[in-house]
Amino acid sequence: MKKSALILTACGVWGAGLLCLATPGFAGDSAEKNTSKTVAVTHRNEQYDLNKDGKLDELERAAMKADRAAKRHARQLAKYDANKNGQLDVEEQAKCDADREMRRLKAAERRKAKAAEKAAIAATPPPPAAVPLEDEDDDAEAAKS
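Just so you know, we're using the numbering used here here: the sequence shown kicks off at 162 and counts up by one.
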């Protein structure tokens, strides 16, 4: 009886140790990560790192976002401003909206097709497992063939 109690205790301690090792971090770790509003500088956004500390703070990120929005607006004007007056008229805005809706519909169709493909793959039955032949007279001939 003492041997089984010792084995159960050892298994319990071992299981508790595994649970402690399986946790990725402590509760305080996530709070530190959420308070930081900096982004690591990459080759694409190093021009916005004004203080050259290797991170973009909130002001630098705001400047980056404003610059990207201005570039996006310039591309939109170049594509849809037919009369080149620097602003989108009602007809030009309608064309822009129609193109945006068309892109959304195409993306939805692609997602739907991908989901259908995944469902079809999931619905296919697995190949049959190799079932050993039964040897009726126990002479081991069925296992060899």
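Glycine residues also receive a C-beta, built at the ideal position from the N, C-alpha and C atoms.
All of these numbers come straight from a predicted model, not from anything done at the bench.
Original post:
Out of Lys163, Asp214, Ala231, Gln237, which has the shortest C-alpha to C-alpha gap to Glu253?
Top reply: Mapped onto the sequence shown, residue 253 falls at position 92. For the residues Lys163, Asp214, Ala231, Gln237, the minimum Cα distance to Glu253 belongs to Gln237.
Rounded straight-line distance, which links the Cα of Thr199 to that of Ile282: Within the sequence shown, numbered from 1, the residue matching residue 282 stands at position 121. Within the sequence shown, numbered from 1, the residue matching residue 199 stands at position 38. Each residue's Cα considered, the two are about 42 Å apart.
Exercise. Rounded to whole angstroms, what's the CA-CA distance from Lys256 to Ala227? Just pull it up for me.
Key: Here the question's residue 256 lines up with position 95 in the sequence shown. Here the question's residue 227 lines up with position 66 in the sequence shown. About 25 Å.
Next item on the list: Let me know the alpha helix (DSSP H) ranges lying completely inside the stretch 216–246, each 4 residues or longer, listed in chain order.
Entry: 219–241
To the nearest angstrom, report how far apart Lys216 and Glu270 are at their CA atoms. The count along the sequence shown starts at 1 and reaches residue 216 at position 55. The count along the sequence shown starts at 1 and reaches residue 270 at position 109. Near 39 Å, if we compare the C-alpha coordinates of Glu270 and Lys216.
Please look up how many angstroms separate the CB atoms of Tyr209 and Glu219, rounded, as I've assumed it's under 8 Å.
As a working note, residue 209 is residue 48 in the sequence shown. As a working note, residue 219 is residue 58 in the sequence shown. About 12 Å; that fails the 8 Å criterion.
In angstroms with no decimal places, state the Cα-to-Cα distance between Glu154 and Ala224. Residue 154 falls outside the range modelled here, since the chain spans only 162 to 306, and no answer is possible.
- Message: Please return the same chain residues whose Cβ sits closer than 7 Å to the Cβ of Ala274, not counting the five positions on each side in sequence.
- Response: Working through the sequence shown from its first residue, we reach residue 274 at position 113. Taken in chain order, the list of residues that qualify is empty.
(Q) At the level of alpha carbons, what is the spacing between His204 and Ala235? (A) Within the sequence shown, the letter at position 43 stands for residue 204. Within the sequence shown, the letter at position 74 stands for residue 235. One C-alpha to the other measures close to 23 Å.
For Asp258, the first and last residue of its enclosing alpha helix (DSSP H) | By 1-based counting over the sequence shown, the position of residue 258 is 97. Where Asp258 is concerned, the enclosing alpha helix (DSSP H) stretches over 251–284.
Task: Asn195, buried or exposed, once every other Cβ within 10 Å from all chains shown has been counted against 16 - done: For the purposes of this step, residue 195 is identified with residue 34 of the sequence shown, where counting begins at 1. Low confidence applies to Asn195: its pLDDT is 49, below 50, so where it sits in the model is not reliable, and the reading given next is rough at best. Counting Cβ neighbours within 10 Å, Asn195 comes out exposed, since fewer than 16 surround it.
Look at Leu249 and Asp260 and say whether their C-beta atoms are less than 8 Å apart. Locating residue 249 in the sequence shown gives position 88, where the first residue counts as 1. Locating residue 260 in the sequence shown gives position 99, where the first residue counts as 1. Result no, Cβ atoms of Leu249 and Asp260 do not sit closer than 8 Å.
Taking 7 Å as the limit between beta carbons, can you name the residues of its chain near Ala192, skipping five residues before and five after? Here residue 192 refers to the residue found at position 31 of the sequence shown. Because the pLDDT at Ala192 is just 48, under 50, the model does not fix this residue reliably, and the point stays unresolved.
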